[in-house]
Each structure stands twice: as C-alpha cells, then as structure tokens.
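Trainee:
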Amino acid sequence: MPVDSSAPSPFPLEQSTWAEADWPLGTHLGPDGVTVAVCAPAATRVQLEVYPEALGAGASAVFLPARGADGVWRARIGGLGAGALLGWRVWGPNWPFDEAWVPGSAAGFIADLDEDGNRFNPNKVLFDPYSREITHSAFTDALGELGVNDGVLGTGGDLVDGVPRRQIDTGPYAPKGIVVEETGAGGRIPKPRIPAEQAIIYEAGVRQLTGHPSAARLSELLAGESGFEDVVDIPEEYRGTYRGAGMLAPYLKAAGVTTVELLPVHETNASESGRSGATNSWGYMTLAFFAPSRRYAADRSWGGPTREFKEMVDAFHAAGMEVYLDVVYNHTAEGGNWNGEVTTTGFTSLGGFATAEYYQLTRDKMLVDGATGTSNQVNFSSPAARQLVLDSLRYWCSQMGVDGFRFDLATVLGRMPGEAEPDDWGNLKRFFSDHPLLTAIAELAEQEHVEVIAEAWDLWGYEVGNFPRGWGEWNGRYRDAVRRFTKGDGNTGEFIDMVNGDYHHFADNGGPQKSVNFIVAHDGFNMADLVSYQAKVNDQPAPFGPSDGGSDDNMSWDSGGDQALRRQRLRNLWAILLLSRGVPMVVAGDEMGRTQNGNNNPWALDTVAMLNNYAMVATSAPQRVSVEDGSGAAYHDNLGAFDSESARVNPLFRFATFLMRLRHEHPALHQANWGDDQVGGDDVSYLFRAPDGAGSPQEGDRALAVHIDAPGEAFWVMVNMAGESVDFQLPEAGGGRVWRRLVDTAAWAERESNCWREGTGEVLSGRQSVAAWSVVVCLAGPPAQG
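Numbering (this note's numbering), first residue to last: 1053 to 1838.
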C-alpha cells in the first residue's frame, strides 16, 4: 500500500481488572491523563494506539487495556492531553492474537466472522464509539490524496492491488477519536425550559440557516420589518456554521419561533467536495453519536466543533429559545454487507468492537436491512446498544446544552428483538409500548427536563399514538388530513379530529402538546411546492436535482396553475397549522415562500439552491430572486407577484410571522389540555359548527366554523375549502364584545398582508360571505377601537 504502517513497539499496561464503576464508557480527559473504556464483550484482546496524525501515519504508541467482568476494556494513560488521536485494534474468536502478527498480516486469521456474527479484524483500526470528536469520515477526499479510497476499510477476501482486503492495514486511513476537553455545563446560560405547549418548532439544517450569500445582508433585507431590528449580518466565514446559526437567533426569535430543530449534527459520512455517491446533505447516516459534525464548524481544529456547538446553544438560550436535535439511532453510517457478501463489511467503530451487540443479524449473520432500508439495523435487544443511546442523549442534553430530541424512525427503537430471515421479518415487527429503551428515554427526558419526539413510523409500520407516556410524536395523521381537506377532499371528520389535537390518540399521553403537528417536513415537498406541483420533480439538473427516492403520494395539488390561488392556499395552511391544538412545526424558509422546484427528496443536494434565501423576504415576488449560485439556475416562479403595498414587502412573510406571534400572545392557542363541548367555563373548547351555526359539520362538508372559546377570549374561524364562496352565520360574541376580522386569507386582502392588528380589523356580524378556498379568523373584542 502507499503508506508504510509498520507496527510500533508496544508499551503495554500492567494487566489488571478495573471495577465496573471506576469510570464510564468513552475517552475522558482528567488532570493526570486519559481514561478509556470500550465495550467489546466477545473480544479476546484489545489494543489502544496513539497516532501523531489523522492520516498517513502509523501509531506512535500502543497500550493494552484490561478486560473487566462486564466486558468493558479499560485503561488509564498518563501524559495524554486534549487533541490526542486514538485508534483501536480488536481480536476475537475468529481472529485470535498471534505473536507473529503485525499490521497488514494474516497471522492468527481463522475466519472473517465468529459464530455469533462478530467481525473481529486487528488490521482494521476503529475509533471509540463514545469519541467526542473524530478526525474525518470514511468518505473523506483526503483518502484519494493517499492513493486509496474507502474500499480499504472493508474486510473479506476480495483482492485490492493483489492484497486480500482483510489484510489492508487501515491505521493510516481510518478515522481516529480525538481527546476533547470537557468543560461541562456549569456557568453557561440556563435553559429556557419552554413548556411544550408553547413551542413553535422550526426545522432546519445548520447549513440551510445561514449558508446562502443573502445571510450577509440580513440587516438590509429586513429593514422596516417590525421586530427585526436586532438581526445581524452573518460574516462569510461563519455562513453555514454553528456560529452562524447562533447569530441567526434574533431573526428566528422575532419571527415567533421558540425552538430550532436541527437536522442531524452527529458526525456523518460525507466527502468535503460533495463528490457523487459520497454526499449526505441531511446527515441521516450517523458515524459517531457523541461527535458534532466538523463540516458545520467555522473552527475545525481539534475540539473546535464542540466549543462552537456549545456557543451556538448559548446564543439561542440567551435569546430565550431552545435547540432540539434530530437524532438517528436506528442505523449507522457503517453500512451493511458489501455486495451481499456475509464476509465483507466496512466497520470503523461499533461493528468492529461488537457486531452482535450493536446490530440486528439474521440467522445467517447478515446485517438486517428491514425497517430502516439503510443496510443495517441497530439491535436494541442488547443492553450495550441501549446504553449507547442513553449515554449519547445524556451527553448532548447535560454537556452540550440541548433542549430536546426528535428521533428518526423511532419505532425501530421498540421493535421485537431476535434473529430472522428476510422472509420471516414479521417476527421483528411487533412494537412494544413498554419497550425498555423507549421507557428509559422518557424517564431520562423527565429527569433532564428535555422533550423527546418520535417519528412514529418505519418501513414496517405506523405507530402514531402508541408510544409510552412522556413521548411527543410527529403526527402524520395531521399532515395527511390537512393536506387532503385543504385541496377539497371533504374528509371532514378526520380534519376536525386533527385540528382538535387528535384526542383519540393522545388523550392518554399527557395532552395535545404531545401531538407535533406539521404539514410539511424536510423529507417531502416544502409548503410552497405542496400547492404548486401535482407530482415530484426529482430528475431535474443541478442545483435542484437530480435526487432519488421521495414519496409518489404527496396529496398535493398544483392549484390549477393559478398563482393567486397558490398564494391563498399557502396562507390557508399557515392559518390552520397555527390555530390547531398541538405543537406546530414549520420548515425553514416556508415563511418566505422558499421553493425546491418540486424536488421532494433532496437529501444529497448540498447546493445553494436548497438554502434559505433571505432576499425572498424583501420582495413581493419571492421566487423571482436570484439563486446566487453562479450557474444561472432559477427558481420556478410558481407564486408570481403578491399584490403588495411595496415591491420590497413579502406579504406571506408578514402573514406567517403575524400568526406565530399571535399564537404566543393568546393562551387559548397553546393549551396543554382539551376542553369540553360547551361554551363558557374555565377551559378552552374547540367547538365545530356548520356554516349556518345551527349544527355540526357532516362528512363531505368542505366548509365549517371553529369556535375557540376560552376564559377572557374567543376566536371564530371560518374555513371554506369549497370552490365557491360560502355564507357563514356569526353568533353573538357575548359580553358586550364584537367580532373583528383578524385574518382573511383571500386574495383581496394581500395588500394588507391578509392580517390586521388586534382591534383594527373590520367589525363583522350576522351573515358573512367567505371566499372560495379561504380562511377568515375573527377575534372577540371591545366594540371601540384601541
């Protein structure tokens, strides 16, 4: 191979047994050096190596940790400090230690896996799964500079340059764990601890928030927008980074957002150049569960990403905002069996220490590619895998300051344990609402005062409403019901149930705030595209494509090509989402009309076209602004130009921020409990009425009213999803109050941004005509203005 990686002289520690309680798993820096502990219960020898460089060098020192009765290998090493680079080699029953072994030899080799499916191979250097940072990913472009690619990381007997793949020493190539100084959470800005029912979640990728060149002009673009006076311009060196995200806090706070939910920030496999087949813009392939991704850091020195992430969290907390992380524990970036061969895998961490502990295996010891569809499925029947998840969560909330977590394909965490053949995977599909990991996560959330939210489905089933008490859940039923009703399907019953917080599925789980309501998310159409396309457009050229996957059933409607109707339907979606019981989640850029040109699955597109373009805020024609990627590409102009008071005003932006602020200002709109079906009392009731006010809506009705009745305040919401105007009868507001128009999504009101400050809207009474495809919201108030 291109690099000389001959074995250094070993410096073994005295072989002694450490008590299980001596120190926890992972690599920890103390005043006298470093303690290390890795879980490898079936291993027969574990070797720790110190490397002088991340790439291109062999180890400079070798140590032999001792095995404890708990299957954890531990050592204490003096003289090591922050920034030390560590790698591990592991032997086991399939490859016992032989005195003749040197890196790159076959000495001691029996087979590529043992009878339990473990893949021990001392030629493959591993990083500690608990590493706080790692040096690089398996897809780093730097491997090419050394004359190799990630294929050297694999096992098995395939020949590479005449050498069996299992014999290639990966010491010069594999990611190394970095010793990071842990400063703890003491003295940092306290968490806001926002009650769940008061949250408005803004889902975004770190780079998406400030990576676009327009982020450097925020103060100019938002000049004149009330409440945005404190926004700051993002310097070029901080765009698309943790530091840049923290600097965006004043913008998000002013918009009405309480919580930013970041797409995965755990280190993932991705090339620096974004080369084809080695990109993962969204980050849903976790390589290291404790390490913040280095690609999002302005400071990429050893320890820099950790420091910068903490500073970002502090910036949000200082603004009174929270940070949630989207986390992926159901599978990893280590991949599965290469080319379907049981002998060949590319483990760089977990699988090399304990394949059978960390991964679900078939009877033939193949990695299960079942509920996730991503080549490997983590084995949560194993205490080691469960501990990994809990330790990772505890680290991120207690040491890194995170306020909550959204779990990708969370049902996998509760699937039945055991082995199965591909034709017998039904044995794995059962879901336990009292699964030990799910209940332990809920207990941890309560102890640490954080929120935990499940994506409550996977490829094997849909479990919304079935998670243990304490869990919130992405409510896919809400998404589907609102999409259908707002395009005229007349699915009245399920629409009412969802607007009322999905009582039937969440009444036993703590309240409507456990239903996280969303109409769009990162993996699908964004909101502007939902009303603009009949079908996904994923096969377009860069920078808006191409991409694979994406649902073919989007329940979308292109609004008949009518740009004014598209804008109106966008406002309908915003109004319904922010007025529904539950916790609303919006997607970054939807407040300004961002488009992906119909691409509903741009998971690998790390392009400027996928980022928030804040130039859209300062124009009445948001989809006509420049992409600013230098390619001449253009956004599809699906929305046209708003009828605005100024060419510099985006009425959608003003409308969306008005609604988010409105939700905060009125307790009736963020309740943790359901009300009864009566007007009056000390609860908040959502009462659904036919347009004439005389009875209840019937299935198939496309128009209905919602009376949100609360102590001291009341809303009357008229929803008309019919293709013609409908007359509604307003009741008496009561208590000497009158109904005033607060919101009207119809096209005629665009010049007013479709909303009015409280007490300034027109007084409405008696019979009112509501335009086709529109929503009118009235607020009860005093008869006189002021």
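All C-beta atoms, glycine included, are put in the ideal place defined by N, C-alpha and C. These numbers were taken from a predicted model, which means no experiment stands behind them.
Around the C-beta of E1066, are 16 or more other C-beta atoms found within 10 angstroms, so that it is buried, or is it exposed?
Mentor: Unreliable positioning characterises E1066 in this predicted model, as indicated by a pLDDT of 37, which lies under 50. A coordinate reading is not provided.
Trainee: Report yes if the C-beta distance between E1324 and T1192 is below 8 Å; otherwise report no.
Mentor: yes
Trainee: Which class does D1839 belong to by DSSP, given the choice of helix, strand or coil?
Mentor: This structure does not reach residue 1839, given that the chain is present from 1053 up to 1838, and the question cannot be answered.
Trainee: Straight-line CA distance for L1314 to Q1820?
Mentor: About 43 Å.
Trainee: Would you mind reading off the limits of the beta strand (DSSP E) that contains T1320?
Mentor: 1318-1320
Trainee: Under 8 Å Cβ to Cβ from P1834, same chain only, skipping five residues before and after it: list those, please.
Mentor: G1788, R1789, V1790, G1811
Trainee: Would you check if the distance between the CB atom of V1795 and the CB atom of D1761 is smaller than 8 Å?
Mentor: Not closer than 8 Å, so no.
Trainee: Note down, one range per segment and in chain order, each alpha helix (DSSP H) of at least 4 residues found wholly within the stretch 1394-1467.
Mentor: Taking only runs of at least 4 residues, the alpha helix (DSSP H) segments lying wholly in the stretch 1394-1467 are 1402-1410, 1435-1450.
Trainee: On the criterion of 16 or more Cβ atoms from any shown chain inside 10 Å, does S1826 qualify as buried, or is it exposed?
Mentor: buried
Trainee: Which residue's Cα is closest to the Cα of L1625: H1759, F1707, G1425?
Mentor: F1707
Trainee: Which value, in whole angstroms, describes the spacing of the CA atoms of T1320 and Y1336?
Mentor: 8 Å
Trainee: Using the DSSP secondary-structure output, state which residues sit across from I1505 in a beta bridge.
Mentor: R1458, G1524
Trainee: Between R1240, G1326, E1751, which lies nearest to I1548 when the distance is taken from Cα to Cα?
Mentor: Among R1240, G1326, E1751, the Cα nearest to that of I1548 belongs to E1751.
Trainee: Check whether the Cβ atoms of V1090 and V1098 lie closer than 8 Å to each other.
Mentor: yes
Trainee: Exposed or buried, what is G1278 when buried is set at 16 or more other beta-carbons lying within 10 Å of its beta-carbon?
Mentor: Here residue 1278 turns out to be Ser, not Gly, going by the sequence shown. Note on S1278: under 16 other CB atoms within 10 angstroms of its CB, so exposed under the neighbour-count rule.
Trainee: Can you give the beta carbon distance from P1488 to Q1723, rounded, assuming they're within the 8 Å contact cut?
Mentor: No, P1488 and Q1723 are not in contact; Cβ-Cβ is about 32 Å, not under 8 Å.
Trainee: How far does the alpha helix (DSSP H) with L1631 in it reach, from first residue to last?
Mentor: 1615-1631 is the extent of the alpha helix (DSSP H) around L1631.
Trainee: Whole angstroms are fine: how far does the CA of L1198 sit from the CA of G1684?
Mentor: 36 Å
Trainee: Of the residues T1187, E1185, Y1225, which one's Cα is nearest the Cα of N1201?
Mentor: Y1225
Trainee: Helix, strand or coil: how does DSSP classify A1832 here?
Mentor: In the structure shown, A1832 sits in a strand (DSSP, three-state: E or B).
Trainee: Measuring CA to CA, which of S1271, D1282, G1263, A1306 is closest to E1289?
Mentor: G1263
Trainee: Are the beta-carbon atoms of N1690 and S1584 separated by less than 8 Å?
Mentor: yes
Trainee: Taking the alpha carbon of F1780 as the reference point, which residue from A1824, P1104, V1232, S1698 has its own alpha carbon closest?
Mentor: A1824
Trainee: One question on the structure: do A1436 and A1462 come within less than 8 Å of each other, judged by their Cβ atoms?
Mentor: no
Trainee: In the DSSP assignment, find the unbroken beta strand (DSSP E) run with V1635 in it and report its ends.
Mentor: 1635-1639
Trainee: Please specify which runs of the beta strand (DSSP E), each continuous and at least 3 residues long, are wholly inside the stretch 1766-1798, giving them in chain order.
Mentor: Every beta strand (DSSP E) stretch that sits fully inside the stretch 1766-1798 and reaches 3 residues is listed by chain position as 1778-1781, 1790-1796.
Trainee: Which whole-angstrom value is the C-beta distance of V1635 and I1253, which I expect to be below 8 Å?
Mentor: 7 Å
Trainee: Buried or exposed for L1270, please, with buried defined as at least 16 other CB atoms from any protein chain shown within 10 angstroms of its CB.
Mentor: buried
Trainee: So, using beta-carbon positions, are G1209 and L1138 closer together than 8 Å?
Mentor: no
Trainee: Which first and last residues belong to the alpha helix (DSSP H) in which H1080 is found?
Mentor: That residue, H1080, is in no alpha helix (DSSP H); its beta strand (DSSP E) goes 1078-1082.
Trainee: So D1642 packs on A1580, CB below 8 Å; how close in whole Å?
Mentor: 7 Å
Trainee: Exposed or buried, what is G1576 when buried is set at 16 or more other beta-carbons lying within 10 Å of its beta-carbon?
Mentor: Result: buried.
Trainee: How many Å lie between N1552 and S1434 at the Cα?
Mentor: 39 Å
Trainee: From what residue to what residue does the alpha helix (DSSP H) around H1759 run?
Mentor: Element bounds for H1759: not the alpha helix (DSSP H) but the beta strand (DSSP E), 1755-1762.
Trainee: Can you tell me whether F1342 is helix, strand or coil according to DSSP?
Mentor: If DSSP states are grouped into helix, strand and coil, F1342 belongs with the strands.
Trainee: Which parts of the stretch 1660-1713 are runs of the beta strand (DSSP E), unbroken and 3 residues or longer, counting only runs that do not cross its ends?
Mentor: none
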